[in-house]
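Here our numbering is used: position 760 in the sequence shown is 886, and no number is missing along the way.
The beta-carbon is built from N, C-alpha and C at its ideal position, and this holds for glycine as well.
Please read the structure below before turning to the comments.
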Amino acid sequence: MPKKILLFLPVILFMHSVSVAQISENFSDGNFSENPVWIANAGDWIVNTFGQLQSNNTVANSSFYITTPSKLALNVQWELFADLAFATSSANYTDVYLVSSASDLMAGNTTGYFVRIGNTTDEISLYRKDAGAVSVKIIDGVDGSVNSTSSNKVKIKVSRDANNQWILYRDITGTGNNYFLEGTVNDATFITSAFFGMLIKQSTVASFARKHFFDDIEVKNLLVDVTPPIIQSARATSGNGLDVLFDEPLDKTSSETTSNYTANNLTGAPLAALLDANDNALVHLTFNSNFPGTPNNQLTVNGVKDIAGNSMINQTTPIVFLTLNSIQPYDVVIDEIMAHPILQGGLPNNEWIELKNTSAAAINLSGWKINDDNGVSGAMPDFVLLSDSFVILCATSSLTAMLPFGKAIAVTAFPSLNNAGKQLWIISPRGEIIHAVNYSESWYQNELKKKGGWSLEMMDTKNPCGSGTNWKASTDLSGGTPGTKNTANAVNADSNVPRLLRAYATDSLNIVLIFNEPLDAGKAASINNYRLNDGIDMPVTATPFSPVPDKVNLRLNIPLSASKIYTITVNGVTDCTGNVIGNKNITRVGLSIVADSLDLVINEILFNPPAEGSDYVELYNRSNKIIDLKQTYVANRAANGTINNIMAVSAESYLLFPQDFILMSNDIGWVKSAYIHQNPDAFITVDLPSFNDDKGNVVILNAQGNITDQVNYNEKWHFNLLANTEGVSLERIDYNAASQSPDNWHSASTSVSYGTPGYKNSQYHVNDGVQGEMKVLPEIVSPDNDGLDDFATINYNFPDPGYVANITIFDAAGRRIRYLQRNALCGTKGSFTWDGLGQNYQQLATGIYIVFAEVFNLKGTTKQFKLPVVLARRN
127 MPKKILLFLP VILFMHSVSV AQISENFSDG NFSENPVWIA NAGDWIVNTF GQLQSNNTVA
187 NSSFYITTPS KLALNVQWEL FADLAFATSS ANYTDVYLVS SASDLMAGNT TGYFVRIGNT
247 TDEISLYRKD AGAVSVKIID GVDGSVNSTS SNKVKIKVSR DANNQWILYR DITGTGNNYF
307 LEGTVNDATF ITSAFFGMLI KQSTVASFAR KHFFDDIEVK NLLVDVTPPI IQSARATSGN
367 GLDVLFDEPL DKTSSETTSN YTANNLTGAP LAALLDANDN ALVHLTFNSN FPGTPNNQLT
427 VNGVKDIAGN SMINQTTPIV FLTLNSIQPY DVVIDEIMAH PILQGGLPNN EWIELKNTSA
487 AAINLSGWKI NDDNGVSGAM PDFVLLSDSF VILCATSSLT AMLPFGKAIA VTAFPSLNNA
547 GKQLWIISPR GEIIHAVNYS ESWYQNELKK KGGWSLEMMD TKNPCGSGTN WKASTDLSGG
607 TPGTKNTANA VNADSNVPRL LRAYATDSLN IVLIFNEPLD AGKAASINNY RLNDGIDMPV
667 TATPFSPVPD KVNLRLNIPL SASKIYTITV NGVTDCTGNV IGNKNITRVG LSIVADSLDL
727 VINEILFNPP AEGSDYVELY NRSNKIIDLK QTYVANRAAN GTINNIMAVS AESYLLFPQD
787 FILMSNDIGW VKSAYIHQNP DAFITVDLPS FNDDKGNVVI LNAQGNITDQ VNYNEKWHFN
847 LLANTEGVSL ERIDYNAASQ SPDNWHSAST SVSYGTPGYK NSQYHVNDGV QGEMKVLPEI
907 VSPDNDGLDD FATINYNFPD PGYVANITIF DAAGRRIRYL QRNALCGTKG SFTWDGLGQN
967 YQQLATGIYI VFAEVFNLKG TTKQFKLPVV LARRN
C-alpha cells in the first residue's frame, strides 16, 4: 500500500510565562524551538552542525522570515553575527528586524526598525518601516562593506537610548573586536516592540539558497556610556604626520578640532585633524614641522569626545616611530607585478613591481633589497614609504618612464620578471624576509590577459600569503595601477586552515613536509608541533624553507628503518594569517626504493578524450615498496620502436605507497571536472607524451632507465558494443595479470561516467565466487521531490565485467511504460535509478510496477530479473 506522508504546516510556537525582556541565543542547544521559541515556516530554517541558524529555503525569488517575541524597544542594545555567503544585491539581502509590531515581517502593516545587510550598494544601513509605506533609510551605511562574492561575515551592534538616539556599528571582520560607527540618528516614531527577527530576500536558487547564517544574538538593556575615550596608540606616519587610535568611535566635531591636540616637542597645535573615513576611532594629525630626533616625544589630547558626549581630560601618550628593529613580516608587501609588459593602454613597456606599506607607521626603505632565485638587487635608496601608501620599484633604466604614474624608486640589478612566473622576495637591511611571492601566469585567471600587457594585482593585502586565490589581472584599461590602489582591491580574508599534503625523506634522518600554503615561520620552527610514531616522537629541529615557508625540514634523532612506513602528525602550526592546521594534519613517510619490473603498473589509460579534454594515465603500486615518483618516468615509443618523449613524473620527491594509485595528466583540473574522483590527492600534473586516439603505447621507466611496465593499447580493446569510445578510459581488470593481454583490459563502466581516475577501477575483478544479482531499493518510492524515497535504485553485482543491461518498466497489467536502459555497459558492481516517471516523463498512477532487466555478455551468458516496486503518493 502507498506510504503515508504528513504535510507540515507553518510552525507557530508561543512562549508561555517565560520573560521576553531579553534574548540571548547562540543555538548551542541544536534547535530554535525553545529557549527562546522562534516562529518560522517548517523547512525554511535549520540549526547546522556548527551551531548556527542557517536558511534552508530553496525556492527561487522568495522571501521568508523567522521571529521571536521581544518587547525591548527603548534603552536597548542589539548584537548579532551574520554571514551572507554570496554577493548581495537589490534582490538578495537580509533585514534584521530589531523592533517589529508583528511576527509576520512581510505584512504590509507591520511597523518597526530593521538593519539591512546588502542591497545594491552592498551596505549595512538602518531603516524605519511605516505601516503600508516604503521603508525609510535613517542611517546610510558605507557602500561596499559587504561586497565579497563568497563570505560576508559581519558583527552588528545597534543601541537606542532613552532619548531615542540610535547608533549603528558594524565589524566586517565578524569578530566584534573592530566595530566601526556607521552613523547615528534620532527617531521616536515607534517606541514599543513585539518581535525580533530576520527577513530573507533571495532571488535565484543556485547562488543564494541556504547561504544565510546567524549566531550569537543578544537583545539586552542598554548600559549607559559614562567613560571618555582612551588613547590606544600614536604612531608617526611621516616626518610631520601622526595617526592617533582611540578605543571607541569619536564625535566628529571635537575629534577634528586641532586645538584639542598638543605635541610636547613641537610648537602649537597641528595644522589639520581628520577623522578617518573608514575607522571613526582613528584621527590623522598633520603638524607644520617635523618631529625632532630627541627622545620622549609625547602627544596630549584634551576635549575630544566619544559619540555619547564623554570628554577626555589631558590624556598623554608616547609617539611611536617604526624603527628597523620593530619592522615585522608583511609590514611591506609586493602587491602588484608587471611581468609581461607590452605597449598597450598607456603604460610603458617596462617591468616593475609595486610595494605597499601595510603597517600603521612610515617606513624608510633605505637599504632594502629585492631577491629572486638568480640573485639579489642593489639597495633601495633613502625613501620614506608612508602608512597605507604605494611605491613603484623598477630598474634604473625604467625610472624616468615610471615616475609619471606615481612615486617610484629604482635599484640596480632589478630581477628579470619571467612571464610564466617566478619567486620574488623583499628583505630588510637586517636580512629579514618581509614578504615573498611565487607568482604564476595562472594567477591572471584570464586567458587573454596572461598573454601580456596586464599587471597582476593582490586583492587583499591583509592576506599576503594567499597565493593565486588572492591575485588576479588588473581591470584598469591602461593595464595596471602603478602607484595607486589596485582595481582588484577587496576583502578576501583567508579563512582556510593549512593542510599537510605529503612528506618525503631525503635520507634516514631528514624528512620534508609539504603544505598547501605558506606557514607562520615561528610556529613552523617549533619541534613541539610534530610527532612521529614508532618511538621517534619529536624531531631534533624543524626548519621552514625560505623564502616561502610552505615546506618544513625535520631533523630526526632516530633514523628511519628501511621498508617501513611511518606516520607524521602535525599540530599547532598556522598559516601567516593565524589559521591553525585542521584535521588534514597526518601523512605517511618512509625510505623509498627504486621501482623494479612490474612494481609499478599501468592501471588505466584515457587516450581518446573529448576535444576539450586531456589524456591521462593511472599507475598502481602493486609492490610492498615505497616508490619515489621523482625516480619514475613516462614515455612512448617512436615508429621504429625506440623509447622517446621521456617525461619525469615529478620534479621533486613524491612518494607512492604500496597499493596506492596516482593519476597523471596535463590538465588534472579537467579530469576532476569530467569524472568522479574519490581521492583528489591522487592527482599530479605531468607533461605527458602524445597518445594516439586509435592505438599507441605507454612506457614507464625507473631511474636507471629500465622498463617497469608498458602497454601497447588499441581502441579495439574497448567493449565492442560501444558506439563511441571518446572520453572512455581503458581499465586494467587484474593488477597481477599480463599488461599486454587484451583480455586484461576493459572499457570503464557507464555508472562511473566511463572513468575511475585515482581510485579502484570499475572493472577491477577478483574471482571471489559472487553470483550475479539485481535488487531494487527501496521497495516503496514516492516521486514527490521531498527528499525521501523519491526514486528507486536498481543495484547490480556481477561476477565478471562486460555485462550489458536492458531494463524496462512495466505496470501491473503488463503494459510497457518506460525504457530505462538500453545496452548499458555494466561494471562488476553499480546501480541505475528510476524516478517514478513514464517514457515521456509524465506522472504515473500509484500502484505496483515491475522492473524487468535482461543482462548478457559477449560469451552468450544471459540472465533475467523481475523486480516489483510500489509507487506511492502523498496522502
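In the DSSP output, which residue or residues are listed as bridge partners for residue i?
i	result
residue 361	369, 446
residue 462	480, 583
residue 410	369, 400
residue 730	744, 857
residue 148	Partner(s): none; residue 148 has no beta bridge.
residue 758	828
residue 340	179, 208
residue 995	975
residue 77	Any property of residue 77 remains undetermined from this structure, which presents the chain solely from 127 to 1001.
When the Cα atoms are used, what is the spatial distance from residue i to residue j?
i	j	result
residue 651	residue 498	23 angstroms
residue 169	residue 914	14 angstroms
residue 395	residue 412	9 angstroms
residue 672	residue 485	23 angstroms
residue 326	residue 196	19 angstroms
residue 633	residue 687	10 angstroms
residue 203	residue 228	20 angstroms
residue 429	residue 379	11 angstroms
residue 893	residue 339	Residue placement at residue 893 cannot be trusted, given a pLDDT of 42 that sits under 50; what the coordinates show is reported in the next sentence. Cα-Cα distance, rounded: 51 angstroms.
residue 225	residue 252	11 angstroms
residue 841	residue 822	9 angstroms
residue 132	residue 916	Here the model assigns residue 132 a pLDDT of 28, short of 50, so the residue's position is not dependable and the matter cannot be decided.
residue 297	residue 666	43 angstroms
residue 773	residue 755	11 angstroms
residue 624	residue 366	42 angstroms
residue 715	residue 824	29 angstroms
residue 372	residue 440	14 angstroms
residue 381	residue 180	41 angstroms
residue 540	residue 571	26 angstroms
residue 980	residue 955	16 angstroms
residue 114	residue 997	In the structure as shown, the chain starts at 127 and stops at 1001, and residue 114 therefore has no counterpart that could be examined.
residue 542	residue 415	41 angstroms
Note the first and the last residue of the continuous beta strand (DSSP E) segment covering residue i.
i	result
residue 566	559 to 566
residue 525	Not the beta strand (DSSP E): residue 525 falls in the alpha helix (DSSP H), residues 525 to 528.
residue 380	No beta strand (DSSP E) holds residue 380; the alpha helix (DSSP H) holding it covers 378 to 381.
residue 626	626 to 633
residue 901	899 to 903
residue 692	692 to 696
residue 468	Taken as a continuous stretch (DSSP letters only), residue 468 belongs to no beta strand (DSSP E), as it is neither H nor E.
Suppose the cutoff is 6 angstroms on Cβ atoms and the five residues either side in sequence are ignored; what does the same chain contact list for residue i look like?
i	result
residue 993	902, 977
residue 876	950, 951
residue 984	none
residue 551	497, 559, 562, 673
residue 279	209, 300
residue 699	645, 649, 650, 655, 707
residue 817	733, 741
Under DSSP, the alpha helix (DSSP H) around residue i begins and ends at which residues?
i	result
residue 324	Taken as a continuous stretch (DSSP letters only), residue 324 belongs to no alpha helix (DSSP H), being part of the beta strand (DSSP E) at 321 to 328.
residue 647	647 to 650
residue 957	No alpha helix (DSSP H) contains residue 957, which is instead part of the beta strand (DSSP E) from 955 to 960.
residue 796	794 to 800
residue 334	331 to 334
So that I know if they touch, is there some Cβ in chain D lying closer than 8 angstroms to that of residue i?
i	result
residue 682	As a matter of chain content, chain D is missing from the structure shown, which is built from one protein chain.
With a threshold of 7 angstroms on Cβ separation, who are the neighbours of residue i within its own chain once the five nearest residues in sequence on each side are excluded?
i	result
residue 882	730, 857, 874, 888
residue 647	670, 675
residue 896	Legend: pLDDT at residue 896 = 37, less than 50; position of this residue unreliable, no value from coordinates given.
residue 769	761, 763, 825
residue 615	585
Within the region 167 to 241, ranges of the alpha helix (DSSP H) (whole runs, at least 4 residues):
If only complete runs of 4 or more residues are kept, the region 167 to 241 shows no alpha helix (DSSP H) anywhere.
Which full runs of the beta strand (DSSP E) of 3+ residues lie inside the region 836 to 891, going along the chain?
For the region 836 to 891, whole beta strand (DSSP E) runs of length 3 or above, ordered along the chain, are 856 to 858, 871 to 873.
Unbroken beta strand (DSSP E) runs of length 3 or more, entirely within the region 245 to 275: which are they?
Residue ranges of uninterrupted beta strand (DSSP E) with 3 or more members, entirely inside the region 245 to 275 and ordered along the chain, are 249 to 255, 262 to 265.
For a minimum of 4 consecutive residues, which ranges assigned as the alpha helix (DSSP H) are wholly contained in the region 271 to 321?
Fully enclosed alpha helix (DSSP H) runs of 4 or longer: not present.
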